[in-house]
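Participant: What follows is a structure written as structure tokens; I'll ask about it next.
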DNA sequence: TGACTTCCTTTACATTTGTAGATCATACTA
DNA sequence: TAGTATGATCTACAAATGTAAAGGAAGTCA
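Protein chains in written order, with the numbering used here: chain A, 2 to 129; chain B, 2 to 129.
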């Protein structure tokens, strides 16, 4: 299970669309992304085929048409990205990274409560 | 203040070395990175010059030699990377990202305490 | 069954990134 | 001052990425 290589922006756009509707065809994804990206069909198609080669998507040929599905889950991809940032930028130091996150954004009171709860929960599971 | 574009792995390696010793010369950085990367002088030099063009480093010519310094702080670069992950992978949702981080790693009890404190502190500043 | 519409396949090309050899200018040293 | 070591510049080249046009094949509707 190699690390799901980090995704490029374009790849993120595609795989997000795929997650929303699996399995799917290239024209469907192109349609979905048209507004945000303006990409032509062949652009999307090329991206998707390259992503198959990379192991980010799987494709299956049904007669004439090609069906795609994701080969990495959203959770896997998210984790890959989060851990990449953690490692690269913060040298693996978790606390500074979280600190940075909550300092760099307007965090609502509700979110702070959530975060607190989450950490409490983790403490419980950790200690056992 | 454009977003400090995300850095590539190679760029991270270079800028980290620069932060450790500013100002610095290309040969110094090459030396520093030799062990981890095996890069030749011209490789490092090319990287650094490209980073100047991108606005990641600044360079100054002192006679024959070239002195480099960072043009983005460590904090800025870290923030860029963290926010990129947040936005791209988690669609800006902070809590899930933090959740993911603490689930994907062995977090020590001490770290959990730190995190908790950090959030408490944030709550205080937020409410005012 | 011919025309139209879709989707697929192939090919292409510019830009960015990773990596470095070769050669030129300098400065130090004997 | 000639020779050597050191750093600078230029040029190169392959792989990855972003982006798409052009031309073929297949299914659909009249």
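Glycine is no exception: its CB is placed at the ideal position from the N, C-alpha and C atoms.
1. With DSSP collapsed to three states, give me the class of residue 61 of chain A.
2. Got a sec: is the Cβ-Cβ distance from residue 52 of chain A to anything in chain B below 8 Å?
3. Near residue 45 of chain B, what residues of its chain come up, given a Cβ to Cβ distance below 8 Å and the 5 sequence neighbours on each side ignored?
4. What are the boundary residues of the alpha helix (DSSP H) that residue 87 of chain B is part of?
5. Spatial neighbours of residue 8 of chain A within its chain, please: CB distance less than 8 Å, with the 5 preceding and 5 following residues excluded, ordered by chain position.
6. Report the option in A:119, A:68, A:91, A:124 whose CA atom is closest to the CA atom of residue 53 of chain A.
7. Mind checking if residue 71 of chain A is an interface residue toward chain B, Cβ cutoff 8 Å exclusive?
8. Going by DSSP, what residue range makes up the beta strand (DSSP E) through residue 27 of chain A?
9. What does residue 120 of chain B reach in chain A if we use C-beta pairs closer than 8 Å?
10. Please report the straight-line C-alpha distance between residue 87 of chain A and residue 65 of chain A, rounded to a whole angstrom.
11. Do we get a CB-CB distance below 8 Å when we pair residue 2 of chain B with the residues of chain A?
12. Show which residues of chain B have a CB atom less than 7 Å away from the CB atom of residue 84 of chain A.
13. Return helix, strand or coil for residue 8 of chain A, following the three-state DSSP convention.
14. Report the neighbours of residue 40 of chain B on chain A: residues whose CB is nearer than 7 Å to its CB, in chain order.
15. Would residue 164 of chain B pass as an interface residue toward chain A - the criterion being a Cβ-Cβ separation below 8 Å?
16. So, helix, strand or coil for residue 48 of chain A, using DSSP?
17. For residue 72 of chain A, I'd like the list of residues in its chain whose CB is within less than 7 Å of its CB, leaving aside the five on either flank, ordered along the chain.
18. So, residue 95 of chain B versus residue 119 of chain A, is the Cβ gap smaller than 8 Å?
19. Check this for me: beta carbons of residue 108 of chain A and residue 123 of chain B, under 8 Å apart or not?
20. To which residues of the same chain is residue 98 of chain A closer than 8 Å at the C-beta, ignoring the five residues directly before and after it?
21. How would you list, in chain order, the residues of chain B whose beta-carbon sits under 8 Å from the beta-carbon of residue 99 of chain A?
22. Could you tell me which chain B residues have their CB closer than 7 Å to the CB of residue 90 of chain A, listed as they occur along the chain?
23. Assuming contact is defined by CB atoms lying nearer than 8 Å, are residue 12 of chain B and residue 70 of chain B in contact in what I supplied?
24. My assumption, with CB atoms under 8 Å, is that residue 112 of chain B sits in contact with residue 117 of chain A. Please give the rounded CB distance.
25. Quick one: is residue 36 of chain B near chain A, going by C-beta distance under 8 Å?
26. Can you find a C-beta in chain A that's less than 8 Å from the C-beta of residue 20 of chain B?
Facilitator: By the coordinates alone:
1. Numbered from its first residue, the first chain carries residue 61 of chain A at position 60. If DSSP states are grouped into helix, strand and coil, residue 61 of chain A belongs with the strands.
2. Walking along the first chain from the start, residue 52 of chain A turns up at place 51. Closer than 8 Å: no.
3. Here residue 45 of chain B corresponds to residue number 44 of the second chain, with the count starting at 1. Answer for residue 45 of chain B: 15, 27, 30, 31, 34, listed in chain order.
4. Along the second chain, one-based indexing puts residue 87 of chain B at 86. Its alpha helix (DSSP H) spans residues 75-91.
5. The count along the first chain starts at 1 and reaches residue 8 of chain A at position 7. For residue 8 of chain A, same chain residues with a beta-carbon under 8 Å away, outside a window of 5 residues either side, are 16, 57, 78, 81, 82 in chain order.
6. Start at 1 with the first residue of the first chain, and residue 53 of chain A comes out as number 52. Closest by alpha carbon: A:68.
7. Walking along the first chain from the start, residue 71 of chain A turns up at place 70. With 8 Å as the cut-off, residue 71 of chain A does not count as an interface residue toward chain B.
8. Against the first chain, residue 27 of chain A aligns to sequence position 26. Careful: residue 27 of chain A lies outside any beta strand (DSSP E), inside the alpha helix (DSSP H) at 27-38.
9. Here residue 120 of chain B refers to the residue found at position 119 when the second chain is read from its first residue. Within 8 Å Cβ-Cβ: 103, 113, 116, 117, 120.
10. Start at 1 with the first residue of the first chain, and residue 87 of chain A comes out as number 86. Start at 1 with the first residue of the first chain, and residue 65 of chain A comes out as number 64. Taking the straight line from one Cα to the other gives about 44 Å.
11. Translated into the one-based positions of the second chain, residue 2 of chain B becomes position 1. Its pLDDT being 43, under 50, residue 2 of chain B is placed unreliably in this model, and the value from its coordinates should be taken loosely. False, the Cβ-Cβ gap to chain A never drops below 8 Å.
12. Indexing the first chain from 1 puts residue 84 of chain A at position 83. At a C-beta separation below 7 Å, residue 84 of chain A has these neighbours in chain B: 105.
13. Locating residue 8 of chain A in the first chain gives position 7, counting from the first residue. Residue state, collapsed to three classes: coil.
14. In the second chain, residue 40 of chain B corresponds to position 39, counting from 1. Within 7 Å Cβ-Cβ: nothing; residue 40 of chain B doesn't reach chain A, min ~17 Å.
15. What is shown of chain B runs 2 to 129, which leaves residue 164 of chain B out entirely.
16. Taking the first chain and counting its residues from 1, the one referred to as residue 48 of chain A is at position 47. Reduced to three states, the DSSP call for residue 48 of chain A is helix.
17. Counted from its first residue, the first chain places residue 72 of chain A at position 71. 56, 57, 58, 59, listed in sequence order.
18. Counted from its first residue, the second chain places residue 95 of chain B at position 94. Counted from its first residue, the first chain places residue 119 of chain A at position 118. Not a contact, by the Cβ cut-off of 8 Å.
19. Mapped onto the first chain, residue 108 of chain A falls at position 107. Mapped onto the second chain, residue 123 of chain B falls at position 122. Their beta carbons are under 8 Å apart, which means residue 108 of chain A touches residue 123 of chain B by this criterion.
20. Your numbering for residue 98 of chain A matches position 97 in the first chain. Cβ neighbours of residue 98 of chain A within its own chain (closer than 8 Å, five residues either side excluded): 86, 87, 90, 91.
21. Start at 1 with the first residue of the first chain, and residue 99 of chain A comes out as number 98. By Cβ distance, chain B contributes 99, 102, 116, 119.
22. Along the first chain, read from residue 1 onward, the residue named residue 90 of chain A stands at position 89. Simply 78, 79, 82, 83.
23. Along the second chain, read from residue 1 onward, the residue named residue 12 of chain B stands at position 11. Along the second chain, read from residue 1 onward, the residue named residue 70 of chain B stands at position 69. No.
24. As a first step, residue 112 of chain B must be located in the second chain, where it is residue number 111. As a first step, residue 117 of chain A must be located in the first chain, where it is residue number 116. Approximately 15 Å separates the beta-carbon atoms of residue 112 of chain B and residue 117 of chain A; this is outside 8 Å, ruling out the contact.
25. By 1-based counting over the second chain, the position of residue 36 of chain B is 35. Not an interface residue.
26. Reading the second chain from its first residue, position 19 is the one you call residue 20 of chain B. So, not an interface residue.
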